[in-house]
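Peer 1: As numbered in our numbering, residues 32 to 317 make up the sequence shown, in order.
For every residue, glycine included, the Cβ atom is placed at its ideal position computed from N, Cα and C.
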Amino acid sequence: MTTTNLCLLCGSQSLPCARIVRGEVTVLHCPTCDHIFTTQVGNADTPSAGANSTETTQDYTQSLIDSQTTLRAEFLEQARRRSAVMRKSLGKDQLSILEIGCGAGGLGQGYVALGHRYIGLDIDSRVIALAQGAGLDARHLDFMDFESPERFDVICFSQVLEHALRPRAFLEKVKTLLASPAFIHIDVPNHDTLAGVLSRGAGGLGTRYGGINYPEHCSSFTHRSLETVLSSVFGGKVRVFNATPVDATWGQVRHKSPVHKAFYAASRLLGRESILVATVEIPPPG
Ligand SMILES: [Zn+2]
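Shown next, in the form of structure tokens:
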């Protein structure tokens with residue numbers, strides 16, 4: 032499927048900056064907001080892909096499944112830490128939380144244990160079955176098809192926005208589901224990650240160019256592009272920062288080898304951590 036050379040976030044005319052997949056896929060850069068995206072997206076026939084999103088690698092999905100039971104304590108601790116930030120921002124103890132791309136529901140179980148109301152959505156039936164098995168209100172559907180009369184205090188989506196074929200439309204849909212005040216937490220792969228340096232220096236390497244990894248990640252975000260689109264769609268107080276996967280609050284609960292941990296430490300020293308985190312605090316009206 033061929034897309035457009037208009038920026039997926041701001042609509043500006045974008046320019047080629049790299050070629051990947053043996054030169055078959057062009058990567059574009061938006062000079063206005065700094066977004067990076069591919070001219071084509073793959074049509075993958077896997078349970079992790081849908082009409083509005085690209086697939087997730089089998090390895091990543093398997094890590095969600097594997098970590099569900101073995102890293103339960105880590106998920107609970109991360110939910111406790113994030114919950115503390117959200118409660119402080121919103122000034123109340125019990126929150127309604129919508130998680131888009133909830134995986135096997137590791138964090139969701141933590142939120143429920145902390146007394147929050149929680150709904151998780153995921154496009155992949157394999158992980159939703161596990162989340163439902165854990166007693167969560169977890170629904171197997173594409174977020175773009177989600178409808179609810181409820182408005183949520185918190186909407187969060189981790190490693191999801193880079194899979195959206197129309198990321199701005201995705202964010203605009205999020206906006207329609209927010210209570211007021213509200214808190215949003217997002218994380219995406221960082222285009223300026225240490226792991227992407229080589230591919231960027233080479234003008235594209237294999238399937239990769241910075242945070243682009245075709246066909247899974249067809250959009251790649253920088254600090255500037257993420258901050259720009261969030262400010263434009265939501266207003267409020269937008270904060271964008273880097274984190275490593277081992278960050279206790281904003282990292283990823285996964286099994287990590289000593290080699291990975293050493294790499295994260297190096298990326299941190301260089302200010303090129305692999306995760307770009309954003310929080311948006313939307314104040315009450317008036
Ligand atoms: Zn743009």
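Is it buried or exposed for Pro289, if we count other Cβ within 10 angstroms and need 16 for buried?
Peer 2: Locating residue 289 in the sequence shown gives position 258, counting from the first residue. Per the 10 Å Cβ criterion, exposed.
Peer 1: Taking 7 Å as the cut-off, is the beta-carbon of Ser263 closer than that to any non-hydrogen atom of ligand 1?
Peer 2: Translated into the one-based positions of the sequence shown, residue 263 becomes position 232. No - ligand 1 has no heavy atom lying nearer than 7 Å to the Cβ of Ser263.
Peer 1: For Ile96, which residues does DSSP report across the bridge?
Peer 2: In the sequence shown, residue 96 corresponds to position 65, counting from 1. Partner(s): none; Ile96 has no beta bridge.
Peer 1: Note down, in chain order, each residue of its chain lying with its Cβ closer than 8 Å to the Cβ of Cys109, except the 5 sequence neighbours on either side.
Peer 2: Counted from its first residue, the sequence shown places residue 109 at position 78. The sequence as given places Gln at residue 109; Cys does not occur at that position. Counting only Cβ-Cβ distances below 8 Å, and skipping sequence neighbours, we find Leu138, Gly141, Ala279, Thr280, Gly282 and Val284.
Peer 1: For the stretch 251-313, list the alpha helix (DSSP H) runs that are entirely contained and at least 4 residues long, ordered along the chain.
Peer 2: 254-265 and 289-300
Peer 1: Are the beta-carbon atoms belonging to His248 and Ser84 less than 8 Å from one another?
Peer 2: Locating residue 248 in the sequence shown gives position 217, where the first residue counts as 1. Locating residue 84 in the sequence shown gives position 53, where the first residue counts as 1. Contact flag unset, no.
Peer 1: Taking 7 Å as the cut-off, is the C-beta of Cys48 nearer than that to any heavy atom in ligand 1?
Peer 2: Looking up residue 48 in the sequence shown gives position 17. Not under cutoff, so the answer is no.
Peer 1: Round the Cβ separation of Pro212 and Leu39 to the nearest angstrom and send it over; I've been treating them as touching at under 8 Å.
Peer 2: For the purposes of this step, residue 212 is taken as residue 181 along the sequence shown, with counting starting at 1. For the purposes of this step, residue 39 is taken as residue 8 along the sequence shown, with counting starting at 1. A Cβ-Cβ separation of about 28 Å leaves Pro212 out of contact with Leu39 under the 8 Å criterion.
Peer 1: In chain order, which continuous runs of the alpha helix (DSSP H) of length 4 or greater are located wholly inside the stretch 123-181?
Peer 2: 137-144 and 156-164
Peer 1: Which runs of the alpha helix (DSSP H) at least 4 residues long sit entirely within the stretch 182-233? Give them in chain order.
Peer 2: 198-207 and 228-232
Peer 1: What does the Cβ neighbour count give for Thr259, buried or exposed, with the cut at 16 atoms within 10 Å?
Peer 2: As a position in the sequence shown, residue 259 is number 228, starting the count at 1. Buried: at least 16 other Cβ atoms inside 10 Å.
Peer 1: Please output, in chain order, the residues near ligand 1 using a CB cut-off of less than 6 Å to any non-hydrogen atom of the ligand.
Peer 2: Cys38, Leu40, Cys41, Ser43, Cys61, Thr63, Cys64 and His66
Peer 1: Just checking my contact of Val264 with Glu178 at CB under 8 Å: how many whole Å lie between their CB atoms?
Peer 2: Within the sequence shown, residue 264 is the residue found at index 233, counting from 1. Within the sequence shown, residue 178 is the residue found at index 147, counting from 1. Actually they are not in contact, since the Cβ atoms of Val264 and Glu178 sit about 20 Å apart, beyond 8 Å.
Peer 1: With a threshold of 8 Å on Cβ separation, who are the neighbours of Asp97 within its own chain once the five nearest residues in sequence on each side are excluded?
Peer 2: Locating residue 97 in the sequence shown gives position 66, where the first residue counts as 1. Here the set comprises His286.
Peer 1: Kindly list the residues whose CB is nearer than 7 Å to the CB of Thr238, restricted to its own chain and excluding five residues on each side of it in sequence; keep chain order.
Peer 2: If you number the sequence shown from 1, residue 238 lands on position 207. Cβ neighbours of Thr238 beyond the five flanking positions: Ile51, Val52, Asn244 and Tyr245.
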